[in-house]
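Visitor:
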Amino acid sequence: MHLPNFSDKFSDNLALLPLMETVAAIALVDPSGTTVARIENKPGQAGSLRVYGWLAETLGAITPEAAELGLKIYAEHTQDARDNPGKHPNIDRLFNIKTPAQTLRVNSL
C-alpha cells in the first residue's frame, strides 16, 4: 500500500486527501454495532470527515494502525489534543483505539 508523504502540518496533510463533497456525514460504529460518533461534512468537522473517511477507505476501518496514522495526519493538532483533553474529540478518539477489539467501522451517511 502506498501512503502519501505526510508532514508535520495538518493543512498540508489534508490537501493530500481526497475531497468528500458527496458525503453528508459518517457514522463511527463500534464492534457491537453501536454508533459512537457522527462526523458531519460542515465547517469544523469536514477535515475530520476526510481523515476518518480516507483512513477507512485505505485501511478498511479505524484500526489501531489507522488510528496511529490518523494521529500523524492531524500533525500539530495531535499534540494540542494531548495537552488539552476534550478540545479535539475526533483526535481524542484515536488515542483510545489501542487493540483490534476497539476498531471502529465507518459508514457514509
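Each residue of the sequence shown is one higher than the one before, counting from 1 in the UniProt record's numbering. Ideal placement from N, C-alpha and C gives every residue a C-beta, glycine not left out.
Grab me the residues of G47's own chain with a C-beta within less than 8 Å of its C-beta, minus the 5 sequence neighbours each way, in chain order.
Guide: Within the same chain, Cβ atoms closer than 8 Å to the Cβ of G47 are found at F10, L14, the five residues on either side in sequence being excluded.
Visitor: How far does the beta strand (DSSP E) with T58 in it reach, from first residue to last?
Guide: For T58, no beta strand (DSSP E) segment is defined; the enclosing uninterrupted segment is the alpha helix (DSSP H) at 46-59.
Visitor: Take every Cβ of the segment 66-73, pair it with every Cβ of the segment 89-99, and state whether three or more of those distances are shorter than 8 Å.
Guide: yes
Visitor: Specify the secondary structure class of E21 as computed by DSSP and reduced to three states.
Guide: coil
Visitor: Short check: CB of V51 to CB of Y74, under 8 Å?
Guide: Yes, the Cβ-Cβ distance between V51 and Y74 is below 8 Å.
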